[in-house]
Each structure stands twice: as structure tokens, then as C-alpha cells.
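Student:
2 protein chains.
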Amino acid sequence: MGRGTPRSERRADALSRERIVEAAVELLDGAGEGGLTFRALTERLATGPGAVYWHVANKGELLGAATDALVAAALAVEPAGSSGSPQDGIRAVALGLFDAIDAHPWLATQLATHLSRSPLGSVTPRILESIGRQVRALGVPEGSRFTATSTLVHYILGAAGQNAANAGTHRPDMDRAEFLDAVSRAWEQLDPDDYPFIRDVAREMRDHDDRVEFLAGVDLILTGIIAAHLPPSGRDLRN
Amino acid sequence: MGRGTPRSERRADALSRERIVEAAVELLDGAGEGGLTFRALTERLATGPGAVYWHVANKGELLGAATDALVAAALAVEPAGSSGSPQDGIRAVALGLFDAIDAHPWLATQLATHLSRSPLGSVTPRILESIGRQVRALGVPEGSRFTATSTLVHYILGAAGQNAANAGTHRPDMDRAEFLDAVSRAWEQLDPDDYPFIRDVAREMRDHDDRVEFLAGVDLILTGIIAAHLPPSGRDLRN
DNA sequence: ACCTGAACACCGTTCAAGT
DNA sequence: ACCTGAACACCGTTCAAGT
Numbered sequence: 006m007g008r009g010t011p012r013s014e015r016r017a018d019a020l021s022r023e024r025i026v027e028a029a030v031e032l033l034d035g036a037g038e039g040g041l042t043f044r045a046l047t048e049r050l051a052t053g054p055g056a057v058y059w060h061v062a063n064k065g066e067l068l069g070a071a072t073d074a075l076v077a078a079a080l081a082v083e084p085a086g087s088s089g090s091p092q093d094g095i096r097a098v099a100l101g102l103f104d105a106i107d108a109h110p111w112l113a114t115q116l117a118t119h120l121s122r123s124p125l126g127s128v129t130p131r132i133l134e135s136i137g138r139q140v141r142a143l144g145v146p147e148g149s150r151f152t153a154t155s156t157l158v159h160y161i162l163g164a165a166g167q168n169a170a171n172a173g174t175h176r177p178d179m180d181r182a183e184f185l186d187a188v189s190r191a192w193e194q195l196d197p198d199d200y201p202f203i204r205d206v207a208r209e210m211r212d213h214d215d216r217v218e219f220l221a222g223v224d225l226i227l228t229g230i231i232a233a234h235l236p237p238s239g240r241d242l243r244n
Numbered sequence: 006m007g008r009g010t011p012r013s014e015r016r017a018d019a020l021s022r023e024r025i026v027e028a029a030v031e032l033l034d035g036a037g038e039g040g041l042t043f044r045a046l047t048e049r050l051a052t053g054p055g056a057v058y059w060h061v062a063n064k065g066e067l068l069g070a071a072t073d074a075l076v077a078a079a080l081a082v083e084p085a086g087s088s089g090s091p092q093d094g095i096r097a098v099a100l101g102l103f104d105a106i107d108a109h110p111w112l113a114t115q116l117a118t119h120l121s122r123s124p125l126g127s128v129t130p131r132i133l134e135s136i137g138r139q140v141r142a143l144g145v146p147e148g149s150r151f152t153a154t155s156t157l158v159h160y161i162l163g164a165a166g167q168n169a170a171n172a173g174t175h176r177p178d179m180d181r182a183e184f185l186d187a188v189s190r191a192w193e194q195l196d197p198d199d200y201p202f203i204r205d206v207a208r209e210m211r212d213h214d215d216r217v218e219f220l221a222g223v224d225l226i227l228t229g230i231i232a233a234h235l236p237p238s239g240r241d242l243r244n
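Residue numbers (the working numbering), protein chains in the order written: chain R, 6 to 244; chain B, 6 to 244.
(1) Note down the Cα distance separating V145 of chain R from G163 of chain B, rounded to an integer number of angstroms.
(2) Can you confirm whether the stretch 225-233 of chain R touches the stretch 224-233 of chain B when touching is taken to mean that 3 or more C-beta pairs between the two stretches lie within less than 8 angstroms?
(3) Taking one C-beta from the stretch 205-215 of chain R and one from the stretch 64-79 of chain R each time, how about it: are there three or more such pairs within less than 8 angstroms?
(4) Taking C-beta pairs closer than 9 angstroms, name the residues in chain B that G144 of chain R reaches, listed in chain order.
(5) Identify which residue in R:A191, R:R131 and R:T114 has its Cα closest to the Cα of D196 of chain B.
(6) Is the Cβ of A233 of chain R closer than 8 angstroms to any Cβ of chain B?
(7) Return the first residue and the last residue of the alpha helix (DSSP H) that I127 of chain R is part of.
(8) Taking a cut of 9 angstroms between CB atoms, which residues from the stretch 185-212 of chain R lie near chain B?
(9) Give a yes or no on whether 8 angstroms exceeds the smallest Cβ distance from G222 of chain R to chain B.
(10) For P130 of chain B, which residues in chain R fall below 7 angstroms Cβ to Cβ?
(11) Would S155 of chain R count as contacting chain B if we go by Cβ distances under 8 angstroms?
(12) Where does H109 of chain R sit, in a helix, a strand or coil, going by DSSP?
(13) Looking at the secondary structure, which residues open and close the alpha helix (DSSP H) in which D213 of chain R lies?
(14) Mapping the DSSP letters down to three states, classify A97 of chain R as helix, strand or coil.
(15) Comparing the C-beta of A62 of chain R with each C-beta of chain B, is any distance below 8 angstroms?
(16) Note down the Cα distance separating R44 of chain B from G39 of chain R, rounded to an integer number of angstroms.
(17) Have a look at G35 of chain B and E23 of chain B and give me their C-alpha separation to the nearest angstrom.
(18) Is it buried or exposed for P237 of chain R, if we count other Cβ within 10 angstroms and need 16 for buried?
(19) Might you give, ordered along the chain, the residues of its own chain that have their beta carbon closer than 7 angstroms to the beta carbon of Q115 of chain R, omitting 5 neighbours on each side?
(20) What residue from R:R49, R:F103, R:P110 and R:G37 has the CA that sits closest to Y160 of chain R's CA?
(21) Closer than 9 angstroms by beta-carbon distance: list the chain R residues that pair up with I226 of chain B, in chain order.
(22) Report yes or no: do three or more beta-carbon pairs, one from the stretch 134-151 of chain B and one from the stretch 186-202 of chain B, lie closer than 8 angstroms?
(23) If we cut at 8 angstroms on Cβ distances, does H175 of chain R have a partner in chain B?
(24) Starting from the C-beta of A56 of chain R, find all residues in its chain whose C-beta is less than 8 angstroms away, skip the five residues before and the five after it, and write them out in chain order.
(25) Is it buried or exposed for P54 of chain R, if we count other Cβ within 10 angstroms and need 16 for buried?
(26) I want to see whether chain R comes within less than 8 angstroms of A164 of chain B, judged by CB atoms only; does it?
(27) Of the residues that make up the stretch 100-116 of chain R, which ones have a beta carbon closer than 8 angstroms to any beta carbon in chain B?
(28) When the cut-off is 8 angstroms and only beta carbons count, does D178 of chain B lie next to chain R?
(29) At what residues does the alpha helix (DSSP H) containing A45 of chain B begin and finish?
(30) Going by C-alpha to C-alpha distance, which of R:A187, R:I25 and R:E134 sits closest to D198 of chain B?
(31) Name the residue from R:Q194, R:V223, R:M210 and R:T52 whose alpha carbon lies nearest to the alpha carbon of E147 of chain B.
(32) Quick check on this structure: which residue in R:I25, R:S149, R:G65 and R:A165 has the alpha carbon closest to the alpha carbon of G101 of chain R?
(33) Tell me whether L143 of chain R sits in a helix, a strand or coil according to DSSP, three-state version.
(34) Tell me whether V188 of chain B is buried or exposed, calling it buried when 16 or more other Cβ atoms sit within 10 Å of its Cβ.
(35) Note down the Cα distance separating S155 of chain R from T52 of chain B, rounded to an integer number of angstroms.
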């Protein structure tokens, strides 16, 4: 280290907004939504509540900062449409968000609750931009881009959210296969007069793959966008 | 009142699960998510917490019951595919849920958080059944119905949820038009290098209609379902 | 069977006081 | 400028006691 320069280096364990957000994410990942309390947070950081409040305004802002950090990381994987078709770009962004929500299920509620609640934040623009850019590259005409983009985003957040909630159902004594099996069996026992459709698809849902199903939905919407907005000559259905 | 018969009539203001759920909905509608507390609930019902706990197991069950009641009511509007095309049936169900979430914004979080968390409850099957029946009527082949249906449901819940969150942003001093205007202006000031797409659609979003936009998304997915699964000869694009 | 209400453990947030 | 930690108002839930 260069001598003389009055570095404002603090003790290695000094508090910072970053360190606080990092600890918050760990608590949320470890114990879910309810795991983040100022008691648990201050214990982990070996400090008092006042110290935390010096760096963040309140719990809501802390949750927002944690969400922001993870969404930014999830969207950073693809270096802005580097290669591949727009379809692949959209699938990549969608999967990035899907996996992020899968790894941090509390993100689902956060995105559903506060995403639009603060559209002036950076999360909403970031997501819209990632998808919208690819929609434009797809050749969707100007007046239809907003609808196409927000349809995709709503689906992605909705599906990923439902999925995370499903994952959260895991009781320790029950793995995923058992869980799906239980749901499937419960559905098969519904009144056939009231729930004919559910009974028909009960088996189908027993051994479905979440990621595959999620991507199939994305592709269905892509098909709709292409069919609705692109001249038949310009379509390449193999992409 | 017939004399002699030992009716088990209680005082007119007797507590019941129904009355409790009703009061809970009123509190949630009036003051949002945070408005439902056992303190406020027992005050409104002129009773103590113990009385409420006699009828419901805990706050989560109470929220679930409130959600269940409203979703059932929202889906009851259409008497099971009475008339019209399957497309219209799907639009009707979608709008029913959209309007329910719009009228009770707290439903969005509830549906996102606990819908899949308790797929054994009645809410998930109810929604899937309503949409799935129409998807079948549309002529979608057996193996594709689950994907088509859950894509629609994920979109509907995602879009309606985002929308409710937007509605929740309303500050009393700012009506909807002002709010959209503020968002639009904020978006127009983003860095054009980082957010080219957002800037392009900023104007488009200033005067969009939520319901119209929502239905356009439903139609986009319907177009995709038809294009992907129905033989061209069987399609009637005017529906 | 149904209701009362005091009590418990916990929560987010504040703030005078320290360094 | 940054941190401490006691204190405050509030929360969901329990439970012995009543009717």
C-alpha cells in the first residue's frame, strides 16, 4: 500500500450498505421471507439497530436494495445480445430470472409486490429493457413492442413466482417428487363433475419439469408475437 | 318464529367464520395488506382475540379464506361456458380475475404467495379448471392443454398482480394520469445508451389503458396457442 | 361450545448518548 | 461521521378463566 496517502480505510469489519444488503440476502435465503429481522441482522453483523438505520432508511429499502442487486446480477449474464437469435436472447433472460427466483424464492413476492410499486426504481426498467431490446430485434413493429414486451415480462414474473412458491412448499420430510405426487393424487380425487379438466391433466402434471414447462410458455408467447406481428414470409419457425 | 322448536339461534351479532372473513376483507380493502391486524379485527367485531382464534386457526388461514371467497366470486360470473366462443370465455375469466385483483389489490400478493404454496386448497384448481375447460373447447390437443392453460394462468396472475401493485402506488395527492406521466418522464430521462428501448416506449406507456393492455396480452397468448396447436384450416381468426 | 382479556415473546423504529 | 443500546408502540398467539 502506498504510504502517505490518507486512505480512508476503515476497520476490515466496518459496516457498509453493501455488507448489510449482503447479510440480508443471506438471512432471506436461509430462512425465507420471515428470516429477515433487525434482531437477526444486527446479531449477524455484531452491531445495534441504530447502526443499520444509519445506512438504510428502513426495512423496505433494505429489501428493495437486495432485490435490485440480485436482479441486476441475473440480467448481467448475457452481454447485451451478443450472439444467437432474438428468441434465444429472450429465453436466456427469462431463464436468468427464473433461476434467480428459484435460488432466492423470496424474490418472487418482492418482485410482485414492489416492482411496480416503485417503477422509478431500477428494477423495472432493467427487466423491460432486456426483453424489449430482443423484441425489437425480432422485428416487431414499433406500436406493438410495448404490449409484446410486457406480456412476456408479466408471464415470466408470474410463472417464476408461482414456481418459487411451489418450491417453498417443500417440507423437509417431502422431496419434490413426493410433493408433485401428493398434489396429483389430491387432484385426481376432486369431484369429476366440478373439475373435469383438472382430473384430466392430473397425471400430466405429476411428472412435469418446471424449467421445461416454463420455457414452453415463453415459446408459446413468442409464437403468438410472431404470428400476430410478423409477415409470414419473414418468419423462421425453426428459431 | 315457530315456537317450541329449539332453534340454535344465537344473538344476531354472534361471531362466525363468515362474519370474521367478511370483516377481514373490509379491513384489507380499506387499509391494504397492513390493515389486517387482530387488534383492528377484534375492535371491529367487538370481541377479543381468543374469540377469533376459536373460529380460525391463525392469520394465514384467515387470509386464505378471504382469498378463496373472492376468487370463487370472481369466477362465478360466467355460468360455465354458457355462450360465446372459447376465446370469449377465456377473456371473461381473465377479466373477472383482473377486476377482482383491481378491486382488492392485496389479492395479488396473496395469490402470488400462497396460491401455489397450497395447491391442495381450492383456489388453484378453481382457476385452472375455469381456463382449462375453455382451452379444451378451443380444440387444443390433450398433451398440450396443461402448458397452454398454465401459461395463460401465469400471465393473468402476473399481469393482474403488477397492475394491482401499480394501483397501490397511488398517493392521495396524485391521480392515475399524473402517476403515469411521472413514470413516463422519469423513463425519458434514463441514459439513452443504457436504456434505448425504454426511452422509445416511454410515450406509448403514458396513455395506455390497463384493461386494454391486459386483454391484448391475453389475445397474444391465444394467438400463440392457436398457431402452435390448431391446424390452419380450423382457425377462425375473427374470434 | 363459545367467548373474555391479560400476558408473552417478538417485531420495526427512534433517539439521546457516546466516539 | 458513524455507532451503541435502551426504550416505545405494536404485532400474532396463547391460555386460564368464565358462561
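All C-beta atoms in this analysis are idealised placements derived from N, C-alpha and C, irrespective of residue type, glycine included.
Tutor: On the basis of the supplied data:
(1) 23 angstroms
(2) yes
(3) no
(4) Within chain B, no residue comes near G144 of chain R; the closest Cβ sits about 14 angstroms away, beyond 9 angstroms.
(5) Residue R:R131 holds the alpha-carbon nearest to the alpha-carbon of D196 of chain B among R:A191, R:R131 and R:T114.
(6) Interface residue, yes.
(7) Sequence check: residue 127 of chain R is Ser here, not Ile. In the DSSP assignment, S127 of chain R falls outside any alpha helix (DSSP H), carrying neither H nor E.
(8) If the cut-off is 9 angstroms between Cβ atoms, the stretch 185-212 of chain R has A187, V188, A191, W192, L195, D199, Y200, P201, F202, I203, D205, V206, E209 and M210 near chain B.
(9) yes
(10) At a C-beta separation below 7 angstroms, P130 of chain B has these neighbours in chain R: W192, L195, Y200 and I203.
(11) yes
(12) Coil, per DSSP.
(13) Checking the displayed sequence, the identity of residue 213 of chain R turns out to be His instead of Asp. Unbroken run through H213 of chain R: none, as it is neither H nor E.
(14) helix
(15) no
(16) 21 angstroms
(17) 18 angstroms
(18) Classification for P237 of chain R: exposed.
(19) L68 and T72
(20) R:F103
(21) Within chain R, the residues whose beta carbon sits less than 9 angstroms from that of I226 of chain B are T156, Y160, G222, L225, I226 and G229, listed in sequence order.
(22) no
(23) Any reading at H175 of chain R is ruled out, since the residue's pLDDT is 47, under 50, leaving its predicted position unreliable.
(24) Cβ neighbours of A56 of chain R beyond the five flanking positions: L20, T47 and L50.
(25) exposed
(26) At least one beta carbon of chain R lies nearer than 8 angstroms to the beta carbon of A164 of chain B.
(27) A113 and T114
(28) Interpretation of D178 of chain B is limited by its pLDDT of 49, a score under 50 that renders its predicted location unreliable; the figure taken from the coordinates is listed afterwards. No, D178 of chain B does not count as interfacial toward chain R.
(29) F43 to R49
(30) With distances taken between Cα atoms, D198 of chain B lies closest to R:E134.
(31) Closest by alpha carbon: R:M210.
(32) R:A165
(33) coil
(34) buried
(35) 46 angstroms
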